[in-house]
DNA sequence: TTGAAAGCGCTAACAT
DNA sequence: ATGTTAGCGCTTTCAA
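Residue numbers (the UniProt record's numbering), protein chains in the order written: chain A, 1 to 343; chain B, 1 to 343.
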């Protein structure tokens, strides 16, 4: 009783007294079958609890499997969860299913996952590339018709479709917002590692906003953190500088949590904050948190749409789709007008 | 150039001038192969970019596929994201990969997903069951050795392992905390639909805490909401009651967001709140939000461990694993001591 | 140490 | 309207 074989097409055929092919025809609604046979087959299928073996089918049909391989840094990060949900929504009626794994931003783990997905002959491969990962090994697959899409960051060594946020423009807008409200010493707390694409782009936006306003760029105000605790520590350090910043720009949602937590702990409501990426309860904070919101749903949708178009024969050259961010001013970027700094 | 066939074992064999079986042996390190052949084979594999077709392999070997099918209500919900991440961590060195899909709490979508997963011959099936879904169709698979685990809620029509939070005890503790701080009119805002297991359990905990304290249970204080906006509206309605509650108990994280948002909007810091499930920034709110924290990592770990044990031959009877919750008192459940209600 | 043949569960291509 | 044969890419079984 333990591990009895699952019934096969042949079992169903034997039960009814027809050939395997007839059962196949009925189940796939391919070709003709008499009403009587159809009924009998369906009855036998139900009786035996038969479920066609999709792997066997795929092998015979020869096409790719009806799965999408998706590699993200962290399954628990709500941003990537939202992206994944949106991809699923977009591909559901094509019958595609998500095969997911997390890389922890480790190139080796990323490679292991993509190799596994390729061995499964996924229909589409989507990757949030890790820093240091090389993707030239995917060239042949792409050439053979496998749609490959990079999400959130461009990949290295392979020219293919990618979908990213408007990191630079978004960060620029956020910092410009702070400048417009009188801030002149604005610190940047970015992602780690510093080579991360998103960090570099957002930092570039920060710098361009300062430059545009004719403000000096103080290297001691450009910092990094890779988790919430780290961001809190950096915040503390920045505020104890001889000439502390009057405003902080958070390079991502995790950093934002660390900043906000630290400011609350030290009761510093006089420090302005703008964060890249929205966080829950932002509007409830005091002051409410101003953010440069990303659009994970649209990122997922765009990535899926691009991949499906490739699957449908789109042979145009690789595109980079930039999904706009949106500045949501809630207060924390305005209050208070900083006192004039003394030199 | 577009869709040229991926190389097969036979292609590699032809390239080297050996039989397919020899190549297979080298790649699977099964049986003997001369150093020379091994080298040649490996070289040809690299040259052709050969990757064994896992589906074909599985079909021949006959065993289940190295995937875990996981059905959750919503890929974007961080709670389920954390559970999924924890499952992945636990099964990674067994070489298992996650096949994921969201049901939107719709029994039909849930069934479609589980059927698909079964057709793929997943090694393990894990489901967060939707209200109204029946799982008796899984009996045969379970009997045939497929580990099935229900997560967050028990399933219907099938006795199998399940992993849930200590919903009843947790809710009891949260409400008792409010009572201990002087509250006597405490409202419950639960999940929807009202048949949802988690809502029923948490409501039972709420009721038992009231009973234990000799407090009357006022039906007008037991309410529901199924999204953040709904929870805000319910909060508004409760506070405009002739005899409004002095404290609110949130039945889940989404409801908590709605309550907190509405209280902030109406500047009602006099209302105490305890929420089931933790939310980011809870400690930064004013007052900081007291919660009954769940442990999604442990839920995922326990679910995966139970399933792996079954895979390894554990034939003991179905267990329900209850993962403890933890009351984290941060302030919102204490302040202020309510004024004595006037009859 | 290697190979040939058979077969996993299914369907394409041709029968009939 | 149904059946037969062959074969997808791989591994098992047996032989050499």
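Where is the CB? At the ideal position from N, CA and C, for every residue including glycine.
Bear in mind that the values here come from a model prediction, so they are computed numbers and not experimental data.
The region 3–22 of chain A and the region 36–47 of chain A touch, with no fewer than 3 CB-CB distances between them shorter than 8 Å.
One alpha carbon belongs to residue 320/A, the other to residue 88/A, and they sit about 21 Å apart.
Assigned with DSSP and collapsed to three states, residue 108/B falls in helix. When DSSP states are grouped into helix, strand and coil, residue 230/A belongs to the helix group.
In this chain, the beta strand (DSSP E) harbouring residue 151/A covers 148–151.
Of 305/B, 314/B, 293/B, the smallest CA-CA separation from residue 330/B is found for 293/B. In the structure shown, residue 326/A adopts extended strand secondary structure according to DSSP, grouped into three states. The three-state secondary structure of residue 254/A, taken from DSSP, is helix.
One alpha carbon belongs to residue 78/B, the other to residue 285/A, and they sit about 20 Å apart.
Under the 8 Å criterion on CB atoms, residue 51/B is classed as interfacial with respect to chain A.
DSSP places residue 248/A within a strand segment (E or B) once states are collapsed to three. Exposed is the label assigned to residue 28/A, since fewer than 16 other Cβ atoms lie within 10 Å of its Cβ. Of all residues in the region 280–295 of chain B, the ones placed with a Cβ closer than 7 Å to any Cβ belonging to chain A are 280, 281, 283, 284, 285, 286, in chain order. Positions of the alpha helix (DSSP H) runs, each at least 4 residues long and wholly inside the region 71–96 of chain A, are given as 78–91 in order along the chain.
Residue pairing by DSSP places residue 126/A opposite 70/A, 149/A in a beta bridge. Chain order gives the chain A residues near residue 116/B as 97, where near means a beta carbon separation below 7 Å.
When Cβ-Cβ separations below 8 Å define contact, residue 179/A makes no contact with chain B.
For residue 260/B, the nearest beta carbon of chain A is closer than 8 Å to its own beta carbon. By the Cβ rule, the region 122–135 of chain B counts as touching the region 304–324 of chain B, because three or more pairs are nearer than 8 Å.
Check the Cα spacing between residue 196/A and each of 98/A, 317/A, 154/A: the tightest is with 154/A. Residue 224/B sits in a strand when the DSSP states are folded into three classes. By the Cβ test, the region 212–222 of chain A is not in contact with the region 290–305 of chain A, since fewer than three Cβ pairs between them sit closer than 8 Å. Rounded to the nearest angstrom, the gap between the Cα atoms of residue 272/A and residue 238/A is 13 Å.
For residue 31/B, there is no enclosing beta strand (DSSP E), as DSSP marks it with neither H nor E.
In this structure residue 165/B is buried. Its beta-carbon is surrounded by 16 or more other beta-carbon atoms within 10 angstroms. For residue 189/B, there is no enclosing alpha helix (DSSP H); the residue is found in the beta strand (DSSP E) stretching over 186–190. Closest in C-alpha terms to residue 65/B, from the list 54/B, 75/B, 72/B, comes 54/B. The Cβ neighbour count for residue 116/A, taken over all protein chains shown within 10 Å, is at least 16; the residue is labelled buried. Closest option to residue 83/A, judged by alpha-carbon separation, among 163/A, 25/A, 48/A: 163/A.
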